[in-house]
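So the structure is just underneath, and the comments pick up after that.
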Amino acid sequence: MPSGYDVLLSDTVGFIRKLPAHLVASFHSTLAEAADSDVLIHVADCSHPALDRHIEAVIETLAQLGMESKPQLLVLNKVDNLSGCTTTSVDSLRERYPHAVLISAASGYNIQRLLRRMEQFVVERSTRTRVFLPFRAMNQLPYIYSNAVVEQRQETERGIILDLLIPEPRSARLVAVLEQFGGNVEPSLEHA
């Protein structure tokens, strides 16, 4: 991300409206990975005439999978294909989808803005917390580093103190792991 935070992005298959019944179960199973994500980034082709129906299909599918309450960022791709289109303009897209990020993956238009929005999206849904991890629990350090951003690290005589930025969905699990190994968690330093 622009500030140096690491994220893992995973791509899933696109959502197909009116999928044949014999493919529904296998299609849904391919989306299981999305259930474990902290944020869903919904990329739609804004130059397609059925854009609204495609977005609705995604919303319906997420509801069927029980993921409708997951934080979502709408990204409208292919704005470079709108130049000759009279019915859809960038202004009307911004009006219809005020929270969406409009990009062109082909030309690179607004990609940096998308990265900043993605980072902002995650940080806004994170908590800053200070934890103490005793030396006897150092084997948990890789788990901490893979599930939180370590903003500061200070070694003491008995262990280390870490200032963490933890995405909300992972916060409770990380606290449980720390407490299991004799670490402790101070109340949030501040909400990110």
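Heads up: the sequence shown begins at -5 in this note's numbering, then just goes up one per residue.
The C-beta atom is built at its ideal place from N, Cα and C for all residues, glycine as well.
As the structure is a prediction and not an experimental result, all values here were calculated from the model.
Query                                                                                               : Result
Any beta carbon from chain C within less than 7 Å of Ser4's own beta carbon?                        : The structure shown contains no chain C; it is built from a single protein chain.
Under the three-state reduction of DSSP, which class applies to Ser4: helix, strand or coil?        : coil
Contact check, His42 vs His36 under 8 Å by CB: the rounded distance?                                : His42 to His36, Cβ: 14 Å. No contact.
So, with DSSP's three-state summary, where would you put His235?                                    : No answer is possible for residue 235: it lies beyond the span of the chain, which begins at -5 and ends at 186.
Would you kindly report the start and end of the unbroken alpha helix (DSSP H) that includes His48? : Leu45 to Gln58
Express the C-alpha separation of Asp0 and Asp39 in angstroms, rounding to a whole number.          : 27 Å
Return the CA-CA distance between Ser86 and Asp74, expressed in angstroms with no decimal places.   : 15 Å
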